[in-house]
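Structure first, commentary second.
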Ligand code: KPL
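Residue numbers (the UniProt record's numbering): 1 to 308.
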């Protein structure tokens with residue numbers, strides 16, 4: 001299977017890249033600020049290492065992938081999709097790996113809903129800035145893959161992708177309807193990510209510090225209520241799941257903490273922003289998510305400024 005992983009060797013994408021390469025897929029990583037294709041060693045401690053092609057967009061027309069995994073930040077997805085269309089790609093399956101809500105819908109609009117799946121990573125990965133060497137943080141290796149049930153038939157390539165990820169060492173699982181799992185993951189990210197930014201600490205702060213824990217519990221419970229307002233029944237208790245993942249990825253710096261520490265924009269709009277907006281759209285309220293959203297938006301420029 002020819003796969004392109006778009007987004008460079010970002011932390012979450014690296015694990016999928018290495019797993020697919022170890023399973024024998026023909027994988028190319030496509031990154032901005034690169035040109036041509038060069039063989040590079042991508043390492044994920046705890047999973048393995050593989051030599052993969054890392055290409056710039058100038059070399060993309062020659063890749064003709066059957067599967068495209070979009071492992072960009074949520075706010076970079078639109079530009080990545082446009083670049084893939086300009087490269088003439090017409091994949092049978094496109095995969096959204098972004099945190100939060102909105103990105104899968106974006107892929108559905110462009111590629112059609114039966115070709116668009118989400119791959120939800122319940123693992124933590126840490127990658128020092130500028131390197132292709134990352135580390136699986138904690139015990140979790142779980143990835144859940146599927147279309148939204150509203151899409152009708154999901155492309156058979158989705159199951160093939162799951163088999164490859166399993167063969168490559170990730171605990172991948174195919175589900176017939178991704179929506180409840182998206183909300184379960186959203187509850188985890190809504191609870192863990194902003195709290196680690198406010199506490200400026202690793203994920204384990206959520207289970208170990210009583211104030212962090214209380215805030216995370218309220219964020220996760222409220223996300224569960226927002227899901228119910230939107231008609232989605234979660235497959236797990238959102239509070240238990242958020243605490244379980246925070247514990248299982250305790251060593252990890254959440255992606256949001258990694259973002260602010262590197263002076264990057266956060267995905268808060270797609271996470272806590274999506275929770276309170278969805279709640280309000282359905283006539284409910286999510287005041288804790290809204291308050292935390294505003295706190296992180298206030299902190300973003302201040303933290304970015306502190307670096308310079
Ligand atoms: O998805 C994550 C993230 O950091 O964005 C978790 C699962 C919380 C791991 O850190």
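The beta carbon of each residue, even a glycine, is placed where N, CA and C say it ideally should be.
Just so we're clear, the structure is a prediction, and the values are computed from it rather than from any experiment.
Where residue i falls, given that 16 or more other Cβ within 10 Å makes a residue buried
i	result
residue 187	buried
residue 153	exposed
residue 276	buried
residue 112	exposed
residue 259	buried
residue 65	buried
residue 150	exposed
residue 99	buried
residue 73	buried
residue 3	buried
residue 231	exposed
residue 89	buried
residue 163	exposed
residue 238	buried
residue 86	exposed
Reduced DSSP secondary structure (H/G/I, E/B, other) of residue i
i	result
residue 232	coil
residue 157	helix
residue 168	coil
residue 308	The predicted model places residue 308 with a pLDDT of 44, which falls under 50 and marks its position as unreliable, so this point remains unresolved.
DSSP bridge partner residues for residue i (one or two, in chain order)
i	result
residue 145	119 and 174
residue 3	27 and 67
Short CB-CB distance (under 7 Å) between residue i and chain B
i	result
residue 259	You won't find chain B in this structure, because it holds only one protein chain.
### Message
Closer than 8 Å is the cut-off here; do at least three beta carbon pairs connect the segment 192 to 206 with the segment 286 to 301?
### Response
The segment 192 to 206 makes contact with the segment 286 to 301: 3 or more CB pairs, one atom from each, lie closer than 8 Å.
### Query
In the UniProt domain "Ketopantoate reductase N-terminal" (6 to 147), which residue ranges form an unbroken beta strand (DSSP E) of at least 3 residues, counting only runs that do not cross its ends?
Restricted to the UniProt domain "Ketopantoate reductase N-terminal" (6 to 147), the beta strand (DSSP E) segments that are unbroken, complete and at least 3 residues in length are 26 to 30, 37 to 45, 48 to 55, 67 to 70, 93 to 96, 116 to 121, 124 to 126, 133 to 137 and 142 to 146, listed in chain order.
### Length at least 4, wholly inside the UniProt domain "Ketopantoate reductase C-terminal" (177 to 300): the alpha helix (DSSP H) runs in chain order
Within the UniProt domain "Ketopantoate reductase C-terminal" (177 to 300), the alpha helix (DSSP H) runs of at least 4 residues that lie entirely inside it are, in chain order, 179 to 199, 205 to 208, 210 to 229, 238 to 248, 255 to 261 and 272 to 281.
### Message
Would the segment 13 to 23 count as touching the segment 46 to 66 if we require 3 or more Cβ pairs under 8 Å?
### Response
Taking one beta carbon from each stretch, the segment 13 to 23 and the segment 46 to 66 have 3 or more pairs nearer than 8 Å; the two touch.
#### Entry: Cβ contact check for the segment 279 to 287 and the segment 219 to 235: 3 or more pairs under 8 Å
Segments in contact, yes.
### Query
Can at least three beta-carbon pairs, one atom from the segment 243 to 252 and one from the segment 202 to 217, be found at a separation below 8 Å?
As far as the Cβ criterion goes, the segment 243 to 252 touches the segment 202 to 217, which means the pair count is three or higher.
### Query
Is the segment 119 to 129 in contact with the segment 22 to 33, if contact means three or more CB pairs nearer than 8 Å?
No, the segment 119 to 129 does not touch the segment 22 to 33.
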